[in-house]
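Chains as they are written, first to last, in this note's numbering: chain A, 2 to 188; chain B, 130 to 343.
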């Protein structure tokens, strides 16, 4: 897939927006997912992911074609997420509230599709709890954990995305995992 | 019981799938003996499973559209290039057409020399071709950039390109008479001729067979 993405990037460098649309189609789900788990809010996640794509398009000429495009787009997206987290730090608890409301919207969406089974409600509630606990993690651990477990990326890829030494990434994942373990102990 | 720090390190290495066999054996052995560490290890694995168990949330349907609508305007040149890429046959056809028309016009413009098909009994005087009285010309006559006077008989078609023809009352032409003076008339004639030529090339045997009968 990397080869076809590389061709698309070449076309985008010439200014082809349709080619860029294809790139967006390839990465939008991963990017949206990661942003959502880091930010805990659908609207914020959509804004951050869209912004990431727009920045990638505008700065496409500074992208080195020999690198993996996914690494680059994830780097842009995680940086934007960090900006957003820092900007609204005082609202931290308010934010947790919002993510709960988001869970409610998710219920209603599923309810319209099929009858809500008890197991499903439980799993929705569980997922909501886990999401809240992830949001409580300090941003540096949260992002590393999300990239590892939501996107299933290797430690090497995460170190490239975050532009950090492999050792630092390992430490962050270990710390994040242990914090999350304590938080989820009674789940 | 105070467990060595190393064991926790091994647990993380195990979860990161980076543990070597030796450490793994030490870890497994320790977990069998130490309830505390076993519990810790279980919780870590549970945490991992919980986070991995997130169901995917759906990306908004209009996501890509929204991104594209917010991009700076694309250059027109690119749109045209993409159109050419997406319609290779139309591109080839229009390119062929442009070159075809171009070459025809240049042929038309260059073609100001007087010329006439060589036939017996034809007289040529100062850009005027005469079919003399009482004489019979066998075959088609094509005159370019000159006049044609027909006083005798022509057994075949007569074509005058960019010129004039006089048919005397006694003159007689058995085939078609054509006068081509405008570029588009000429184009039409040229295309028909080309098609006829192709047709003749494709069926050489048949035209040979027909000849003795004519």
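Glycine included, each C-beta is placed from N, C-alpha and C at the ideal position.
> Along the chain, where does the beta strand (DSSP E) that runs through residue 306/B open and close?
Replying inline: Looking at the DSSP string, the run of the beta strand (DSSP E) that includes residue 306/B is 306-309.
> Do you know offhand how far residue 289/B's Cα is from residue 272/B's?
Replying inline: 5 Å
>> Buried or exposed for residue 255/B, going by 16 or more other Cβ atoms inside 10 Å?
In response: exposed
> Hey, which unbroken runs of the alpha helix (DSSP H) at 4 residues or more fall wholly within the segment 62-96 of chain A?
Replying inline: Complete alpha helix (DSSP H) runs here, min 4: 70-88.
>> Using the Cβ count rule (16 or more neighbours within 10 Å means buried), how would you classify residue 88/A?
In response: exposed
> Thinking C-alpha only, which one of 257/B, 225/B and 321/B is nearest residue 295/B?
Replying inline: 257/B
> Under a three-way DSSP split, which group does residue 216/B fall into?
Replying inline: coil
> Which chain B residues sit within Cβ distance under 7 Å of residue 29/A?
Replying inline: 188, 192 and 193
>> Tell me which residues of the segment 141-173 of chain A have at least one Cβ-Cβ distance to chain B shorter than 9 Å, keeping chain order.
In response: 146, 147, 149, 150, 151, 153, 156 and 171
> Taking the continuous alpha helix (DSSP H) assigned at residue 24/A, which residues delimit it?
Replying inline: 18-40
>> Quick check: the Cα distance between residue 20/A and residue 293/B, rounded to an integer number of angstroms?
In response: 60 Å
>> Less than 9 Å between CB atoms is the rule here; does residue 145/B satisfy it with respect to chain A?
In response: yes
>> Within 9 Å of any Cβ in chain A, is that where the Cβ of residue 135/B sits?
In response: Under the Cβ distance rule, residue 135/B does not count among the residues neighbouring chain A, no pair being separated by less than 9 Å.
>> Please classify residue 42/A as buried or exposed, where buried requires at least 16 neighbouring CB atoms within 10 angstroms.
In response: buried
> Across which residues does DSSP place residue 273/B in a beta bridge pair?
Replying inline: 244/B and 290/B
>> Let's test the definition: count the other Cβ atoms within 10 Å of the Cβ of residue 212/B and tell me whether it reaches 16, buried, or not, exposed.
In response: exposed
> Can you check whether the CB of residue 196/B is closer than 9 Å to the CB of residue 29/A?
Replying inline: yes
>> Distance check for residue 154/A and residue 66/A, CA to CA, integer angstroms please.
In response: 21 Å
>> Tell me which residues share the same chain as residue 157/A and place their Cβ nearer than 7 Å to its Cβ, disregarding the 5 neighbours each side in the sequence.
In response: 167
> Looking at the C-beta of residue 131/B, does it have a partner C-beta in chain A at a distance below 9 Å?
Replying inline: no
> Between residue 185/B and residue 225/B, what straight-line distance do the alpha-carbon atoms span, to the nearest angstrom?
Replying inline: 52 Å
> DSSP three-state call for residue 296/B: helix, strand or coil?
Replying inline: strand
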